[in-house]
Each structure stands twice: as structure tokens, then as C-alpha cells.
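Written out below as C-alpha cells is the structure these notes cover.
Chains as they are written, first to last, in the UniProt record's numbering: chain A, 1 to 208; chain B, 1 to 268; chain C, 1 to 263.
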């Protein structure tokens, strides 16, 4: 069952244990609700989805985009099932449609709507999107991959747990290529080394 | 008029199949970039595309259901998908198929997890030769999994029926036109064999129905195996490697939750 | 979630890059995305074609049917073009009857083919004043990644070149039998331009369509004649820009015609 590829409705385990994300119980057995890898450790059964939307979690820091300004609140898109609503009184700087922000998820209610706090505004830059499932790979151990990307592309970067990345300055095209490579090859070993090679090669090619 | 031999002495049908054989089926997920989940299916001559969106906010507000997501299944046929050109306007048949197909999927999807939203499933048929609603539903199931929408099981569909006195699986158009034809589209959630779609056209006895239904269940199981392969194909080679990577990832996630500064690249 | 907001952000990027003559996907200003063609996509259709232009995905099917000729042209048949922006193609398309965009698309593709005289309507006549062939061309947009006009025009041409004429017996259609292929004397195609920050680009992708001030589609034939022109969007073009587009349209459409082999 370790690392077994499963689809919705497939058995993860028939033993009793605690439930992690993306599994459900039926007749005493545990099944997957998504396409992903079934994992069992430390008494928890879960499935790591190989694709899918961002499921908000309290404590996560995310990158959001202001969708609109209403009379007393802002509507912010955090790449999930619902928009988040932030009362104006909680924000010191006025926000506009299209403003990019980082925010912390304070709580998530029973219908997966997230309450945000600690909103910080980015000036300029753009937003790139990757599958939320790949975020840890983009950051790497001790932020090793992220720092490699920053050095190799010259971009200022911040990664949100919701699969959004704020980037400014530097070689954004190269950054996009590197992110695409990480998404495609996230399962292969020595990913950091290969990204490093790719970034070095590009540097040689572009003599500005 | 020349008499059609629906089943010959060797038990072979008009297209050479045996009574319990499906037509060739090919399913490819993730074919459309703007849709959140998608699939393409070829089932015999049938060709269909499915695009899935959601769960997304249900608009207008008055259609929202505060207890669950609304499954909105829209089945349409292209004008040129049938022998006599069809009007582009949806006909009653398409509307009926949309209803029962949406209801079939609603049982499989964890709709209670997403109140006040809709899950939109758009299906279009581009070529047809009997069994389009089953092909569409089969592909829609794959598209939903492709979109990452949580489900208790896939929905696998298949038609079963009778022609010239023989109970047979997956009737083609010629067989559906037989004088004693019975056509029964059927869809199940394969693990529990719960029936989520059932319709019937024709006249049949209780005993024949049982024989047909049990054959239909076998057909749906075969369809399920094809759906499973289609979803797993993309990941098969990498699954083992990805499993190793996940351990790595877990440690990173723990690091990140303890030190959110890492999202900015830690200390430069 | 509607993806509008991300596109709006990207269109700022598009406008920035265009100032230095660059595009988001690294293409040249007058470069088309890769084209994939699949003909004979639907067996029930008399002719069909599926085109992928970059990630834009369009399927066209042709059905020929017999009907009474229009009173003002009793010795001619005709074509009818319909288009459907399928809701699967974009988070912002909704099911329902054709809206302004679908209608404009259908009519522009129609004019490009009709006015080019690629199909001789007189040859479609069966019995003068009573019966003629009507060629129904139906466009289905499966994925909108930009430039539906050119993708639809390519798919329509591919479907027409694939079209077999149903066999007639006593002026009635014999199902499943055909007598020859539909004749096209030329290959009309649309070439679409977007004007962004004062610069012209060919084959706009979605982010570029969001950023553009205006769009110009020109229908041409291989004889360097134009059979359609359509300006869209709320911006404007200068005469010089239009003339530049005309020259480019002849050139680019000839490149695309190579995809369609003769006969």
C-alpha cells in the first residue's frame, strides 16, 4: 500500500487507523477520494493527490489577488474553491483590483472558506501559478531550490502554499521554464542539480 | 429486404463481436487547457469531449444550495454527429440525458463538502453510433477525477440489451434498430455495484431483464478497468519515484510550517 | 474560480513586452503557433476537421442537405455557417444560444468562404428553382486559447476539403453513399491581427487578446485577393496599419495553405 497509485474509490487499507487528507471510511475500510499516491505512516492513512485545487489550511501563507473592492470589504482570490472576504478596517493601505497580496490563513470553516489576516501588499511584479501539490518541490530542503531559482534568474520571489508565486525583476521567462521543469520532473532524483545545470546553461546563452 | 443476421452460427454479431464484448474504447484525460478537468473518449464510432469546472461559486445566488454543490451536467450533440443533421438547439432527448447523467454523478461526488457551489460538466458528442450517453458519462467520470474533485468512486457506464432474441452487451445502431430490440443504458459505482443510472427502451420479461442486467454489470466492470488505466497511465512510470519524493516533501512541509520565512527563501 | 483576474495581470506584462517587440511565449511578432490538423474526425459528418492552433482546439463538421433555393437565386445552392463557443472551452462561456461573439465568428468565417467563390454555388444546383445542395458548416470551439477566427477558418477549410457529396438517386439522398468530393477552386483563409500598444502581432493568444486595443481579421485567397475584413474591439487602426496587415495576410495565409494538400 506504500506509495501505491490510486484513483477515487480504490482501497488504501482495510486496517483501522487515523484519517489524513483525501481518504474516507466505508464499512471499516479506508478508500481514496482522489487520483494520487496512497501513503500510510505513523498510524495515519492519506492520499497525496497528483492534481487538484488548493485546499486551504489554517496557518498557510498564500498569495492572493484582489478581485474587487466592495463598500466595506475586499474580495480576494486565493486560487481555491471560494473567494475570501477581508473587511476594510483590517487593512491599513487601500487595495485596488489586481493588487497582489500575501496573507496568512487564520481559519478555515467547514465549507473550506478561508479567513485571512496579516495582509501585505506587493508592489509590481507578476503572479505565476503552479500546481499546489508541487509547492514543496519549488521550495526545496531548507529553501535550497527557491534560493537557486532566485540566484539563477535574478528574480525576487515569494511562494504561496496555494500554488501562486509572486515574482519581480530578473528573467521571468527563465523562471517560468524552470518552474515548468520542476512540475514535470518533480519525482526524479537530483532535481536541484538539474535545475542548476539548466539555469547555468541559460546564462551562457544570453549574453546581454 | 435482405434479412440481417444479428448473431451468426459462431455467435458473432454484425461487427464480429461476441455477445459479451464491448466495442474498442479509448479514453484520454487532460486534453483541454482552459477546463479544470477534461477527457476525450472514442467508443466504437462514438467520439466525445468533456470539460469540467468547479466546484465554483453558484451564480445566480438563488440557485445555490447551502448544504451541497449542485451538479450541472450538460449533454449536447453536434449537428453533424448523427446521420441526419440535427438542429443546434438542444432537443428533449439531450435535456433528459443531461438530467439523469448529472444525477448519476451526484451520488459519486462528495457534494456535501462544497455548499453553495456548482460543479459544471459539459459534454459534446461529435460522432455517434448508439451508446453515446454511456460513453459521455464514462468520460465525464474521468474528467471529474482529472479535475481533482473528490469522489467515492468512479461511475462506469455501459448499455446492454437484446436484438433478434439474443441478450447482448453494448448494442450498435444496427442492433438497436432490430424489431425486438431492447436498449438498457446502465451505470454503476463499481466498488459497491450501486446503480446510479438506469433506463430502458423496449419490452422485456423479468427473467430476460435479470440476464441482461447481470451482463451489463460485467460490461461496466470492463469499462471501469479502462477508466482506471486511463487515469493512471500518466503517472504509472513515475509513481514509485514520486513516492520516495513524498517523504522528502513531508519533511519540507514541516519545515515550512515551523518557519514561514522559508517561503521568501529564508535568510539570503 | 473564474480565471479573469490572472489574465488581467498578464495583459500588463504583454503590453510591457510588446514595447520591446517581444511576446509572452517568445514568438516572433508575425509568427503563428504550431498547427495540428486531423481530418475525417466524424464519420457521420460528410466532411470534418479538428484543428489545434497552439492550445486553441476547434472542431468543424460539414453536412450537405437538399433544400429549395432562395427565390432570388433559383439556380444556386449555398452555405450556412454556425458557431458554438462550447462552455467546456473557457470558464467564461455559458451554455445557451449563440451570443454576439459566436454570431460574429460564424458570419466572418461565412463571408471569407462565400465571397471567395471557392465553392461555385451554381454547381450546387440540382433542379433549378426546386432543389439545390446546401452546405452546413458547423464550428465547435472546444478550447479557447486565443484566435478563434483563424482556428475556425482553418478547420472549416479542412472540413470542406474533406467533404464528400452524398449520392443522389431520383434527386433523393442515398444514405451512406457518396458521389465525389465537394469542389473548392481555392483555399480561403482568415488571418487575424491584434494591435497592442501601437504594435501589430499575428495570431494573438489569450493574454494578448485581453491586452489588445483592437483586432483585424482579413480573409484571403491564394490569388492575393481579399474576401473578408472584420475589425473587432473598441480600439482603432490607421490606414497604414491596415495596409501592413493586408500584406502580411497574403504572406501568412500562403504559409498555412501548405498544410492542405491538393486533391
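Think of the CB as a built atom: it goes at the ideal place given N, C-alpha and C, for glycine as much as any other residue.
For chain B, the residues of the UniProt domain "K Homology" (127–171) of chain A that bring a beta carbon within less than 8 angstroms of one of its beta carbons are 136, 137, 139, 140, 141, 142, 143, 146, 147, 150, 157, 158, 159, 160, 161, in chain order. Contacts with chain B (Cβ-Cβ distance below 9 angstroms) from the segment 33–44 of chain C involve 41, 42, 43, 44, listed in chain order. The continuous alpha helix (DSSP H) containing residue 145 of chain A extends over residues 144–153. Between the C-alpha atoms of residue 55 of chain A and residue 254 of chain B there is a straight-line separation of about 17 angstroms. For residue 64 of chain C, there is no enclosing alpha helix (DSSP H); the enclosing beta strand (DSSP E) covers residues 56–67. In this chain, residue 30 of chain C is not harboured by any alpha helix (DSSP H), its DSSP state being neither H nor E.
In this structure, the straight-line span from the alpha carbon of residue 174 of chain B to that of residue 183 of chain B is close to 12 angstroms. Proximity of the segment 135–153 of chain C to the segment 74–94 of chain B meets the contact definition, three or more beta-carbon pairs being nearer than 8 angstroms. The CB of residue 48 of chain C comes closer than 7 angstroms to the CB of 80 in chain B, given here in chain order.
Legend: CB atoms of the segment 64–86 of chain A lying less than 9 angstroms from CB atoms of chain B belong to residues 81, 82, 83. Under the DSSP assignment, residue 263 of chain B falls outside any alpha helix (DSSP H); it carries neither an H nor an E label.
The beta-carbon of residue 6 of chain B is placed no less than 9 angstroms from the nearest beta-carbon of chain C. For the segment 2–32 of chain B, the beta-carbon criterion of a distance under 7 angstroms to any beta-carbon of chain C is satisfied by 32. Excluding five sequence positions before and after residue 250 of chain C, the CB atoms of its chain that fall closer than 8 angstroms to its own CB belong to 220, 224, given in chain order. When secondary structure is reduced to three states using DSSP, residue 138 of chain B falls in the helix class.
For residue 126 of chain B, the secondary structure class from DSSP, reduced to helix, strand or coil, is strand.
Here residue 77 of chain A really is in contact with residue 5 of chain C; their C-beta atoms are around 5 angstroms apart, less than 8 angstroms.
Excluding the 5 residues flanking it on each side, residue 37 of chain C has same chain C-beta neighbours closer than 7 angstroms at 49, 51, 158, 259, in chain order. Under the 9 angstroms criterion on CB atoms, residue 27 of chain C is classed as non-interfacial with respect to chain A. The C-beta separation of residue 205 of chain C from residue 54 of chain C comes to about 6 angstroms, placing the pair in contact by the 8 angstroms criterion. Under DSSP, residue 78 of chain C shares a beta bridge with C/134. Residues of chain B with a Cβ closer than 9 angstroms to the Cβ of residue 24 of chain A are, in chain order, 110, 150, 152. Distance check between residue 66 of chain A and each of A/88, A/117, A/49, A/100 places A/100 closest, using alpha-carbon atoms only.
Every beta strand (DSSP E) of 3 residues or more that sits fully in the UniProt domain "Exoribonuclease phosphorolytic" (189–251) of chain C is shown, in chain order, as 189–196, 199–202, 214–220, 226–232. Its chain contains 157, 175, 178 as the residues whose beta carbon lies nearer than 7 angstroms to that of residue 149 of chain A, once the 5 sequence neighbours on both sides are disregarded; these appear in chain order.
Under the Cβ criterion of 9 angstroms, residue 74 of chain C is not counted among the residues facing chain B.
As the crow flies, the alpha-carbon of residue 135 of chain B is around 16 angstroms from that of residue 93 of chain B. With 16 or more other Cβ atoms from the protein chains shown falling within 10 Å of its own Cβ, residue 230 of chain C counts as buried. Close CB contacts of residue 196 of chain B within its chain, under the 8 angstroms cut and outside five residues either way in sequence, are with 103, 104, 105, 107, 108, 155, 187, 188, 189 (chain order).
DSSP places residue 38 of chain A within a strand segment (E or B) once states are collapsed to three. By the neighbour-count definition (other C-beta atoms within 10 Å, threshold 16), residue 119 of chain B is a buried residue. Beta bridge pairing from DSSP links residue 117 of chain A with A/104. Using a 10 angstroms sphere on the CB of residue 92 of chain C, the tally of other CB atoms stays under 16, which defines it as exposed. Setting aside the 5 residues that flank it on each side, residue 19 of chain A is surrounded in the same chain by 25, 30, 44, 45, 46, each with a C-beta closer than 8 angstroms to its C-beta; the list follows chain order. Annotated three-state conformation of residue 145 of chain C is coil, per DSSP.
Shown here, residue 136 of chain A sits in a helix according to DSSP, grouped into three states.
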